[in-house]
Each structure stands twice: as C-alpha cells, then as structure tokens.
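Quick note: the sequence shown uses my numbering, first residue 2, plus one each step.
Backbone N, C-alpha and C define an ideal beta-carbon position, used for all residues, glycine too.
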Amino acid sequence: MKKLIALMIALAVTAAAVPAEAGLGIKVKGGFTRIGYGDFNDWVDKSNLMITAGYPTYEKLHWIPEVSVEFTFPLLPSFSGAVGVGYLSGKTEYNANIDVFIYSYVHRVKSMPVLLNIYWEPPLKVINPFAYGGVGFYRTKLEFDDSLTQGGQTEGGSYELDKWGFGFQAGGGVRIALAPTISFDVGIQGRWVDISGFEGTATNLDGEMTAVYLGKGEVERDGIIMPYYGPADMDSGLEEASVDLSGYTIFIGMTFSF
2 MKKLIALMIA LAVTAAAVPA EAGLGIKVKG GFTRIGYGDF NDWVDKSNLM ITAGYPTYEK
62 LHWIPEVSVE FTFPLLPSFS GAVGVGYLSG KTEYNANIDV FIYSYVHRVK SMPVLLNIYW
122 EPPLKVINPF AYGGVGFYRT KLEFDDSLTQ GGQTEGGSYE LDKWGFGFQA GGGVRIALAP
182 TISFDVGIQG RWVDISGFEG TATNLDGEMT AVYLGKGEVE RDGIIMPYYG PADMDSGLEE
242 ASVDLSGYTI FIGMTFSF
C-alpha cells in the first residue's frame, strides 16, 4: 500500500510539470470487487459440511476493497492509453474454542497489478460515457496463519506464498464534469485472471522454515478424511491449487486532465 501511495504522488508531480496542451491526465478509482476465489471457497463449502451444527464455520472470501491509479496519455481523438497500478486485498479468519482444543486460522490475499488500458472517452460535456479494456500483470501474495492448542501444547505456523499472473480487464461507466479538467467517474469493471504455481515458505513456531506450494485435495487426520486447501509440503502429492481473482468491481473515481 505504501508503494501505491508513493507512485500516486510521483505521477501527480510528473503530470503537474507537463504543459496543459499535452493532453495528459490521472485517474484514481476505488471500490469493491467480487472475486470468484473458486478453490478456496470450494474448500470452505466442503469443510463447513463436516462441522457439527452450532459450532463456528468458515467464511468465504468474495467482496474485497480495491484501489487503482493510472497515468493517461492521448493516442487518437477520443482514445487514450493508460498505465498504472492497483491494489486489492482480502482477509478471512476462523476461531474456535471447542471442548479440549483452541484453533485459530487466518488467510489473506494481496494483489498489486500493473495495468495497461486503452480508454474511449468522448470530449467531456456535463455527462459522458466511457469504456476501456486492457491487460494486467498481477503480483499476488498469499498469507496463512494457524494455531492449534490441545493438551497443553501448541502447534502451527505462518506461511507466505507469491506468484505473478496475467489477466484481462474491461469496463465502462459515466463521467460527470465537475470542472473543465476534473470529472467524477462511476462505473463497473470485469476481470479475468486465474493464477497458479504459487510457492513460498512455511515457518513453524520454532522458527524453522520449509518450502511449500499451494495445494488442494484431501488429507487424513486422526483417521478422518478431510478436504484441504493451503500450503503443502513439496512431496505431499496434493493437486496444485489456483487463485481466481476473476469477477467484477463497482467503482467510483476522479479524472484530472492536464
């Protein structure tokens, strides 16, 4: 998030130094994104079916906040190119104090895409439509933390995995003029990106680190076959899981032209 804020400031300073006739601009957007997050949410469904009624259940991860900033430059009449960065993150957690054990679980996903878009924007009047489409390169990080206390002993660890992924985005909406060079934007965006190949490290409570990948499937615990999604030892034999960030975003924003 600090890197995004620093980039926003740098872009603003750069744009302010360019003559007004250059036709440059800055777009800042923010909203909420509904992601598919298929493999994780499938695991939540299967795990909740095995939990006794009345006990806490896992929560799916769907709606997460997202922000972006783009620097725009003219291409053709009514068309402009844009390069920028975004940031989206989500978190879900589970806590259970059941009879003889205490269990806590936290999962976070953070993604910072580098965005390349082409916008169609007619000359600004009071209200104008706009549309855009492009590609994104998604630097995505997954974090897991779990802790199980049972019989006076605690085990668990922290896990971090990351991967670059490629995706597409497209959207549109309306611009409402607030001043000759400032507009308020509202719209909707669709995204298509599914990232696999996550690898990283697991750190146990003693500080020991091992290599892991993002896996899914079934594991046996205390003689019970249970669904699994998360960091897996390299020799676990579990299927490779993916992170599906596809979905749609409802956003508002501001465009500043120079």
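- Between Y230 and the set K28, S48 and A97, the nearest pair of CA atoms involves S48.
- Here the C-alpha atom of V213 lies approximately 21 Å from the C-alpha atom of L246.
- Around the beta carbon of P181, fewer than 16 other beta carbons lie within 10 angstroms, which makes this residue exposed.
- The Cβ atoms of G218 and L239 sit closer than 8 Å to each other.
- Here the alpha carbons of A132 and W121 stand approximately 5 Å from one another.
- The DSSP-derived three-state label of L50 is helix.
- For G39, the secondary structure class from DSSP, reduced to helix, strand or coil, is helix.
- Closest in alpha carbon position to V86, among E156, F257, P228 and V29, is V29.
- DSSP, reduced to helix, strand and coil, places V45 within a helical segment of the structure shown.
- Non-local C-beta neighbours of I177 in its own chain, meaning closer than 8 Å and more than five positions away in sequence, comprise V127, I128, S184, F185, D186 and V187, ordered along the chain.
- In the structure shown, F138 adopts extended strand secondary structure according to DSSP, grouped into three states.
- Of the residues D236, Y160 and D195, the one whose Cα lies closest to the Cα of T202 is Y160.
- Of the other Cβ atoms in all chains shown, 16 or more fall within 10 Å of the Cβ of Q190; this residue is therefore buried.
- Sequence-distant partners of L117 (beyond 5 residues in either direction) whose C-beta falls short of 7 Å from its own C-beta, in its chain, are V84, G135 and V136.
- In this structure, the straight-line span from the alpha carbon of N205 to that of W64 is close to 30 Å.
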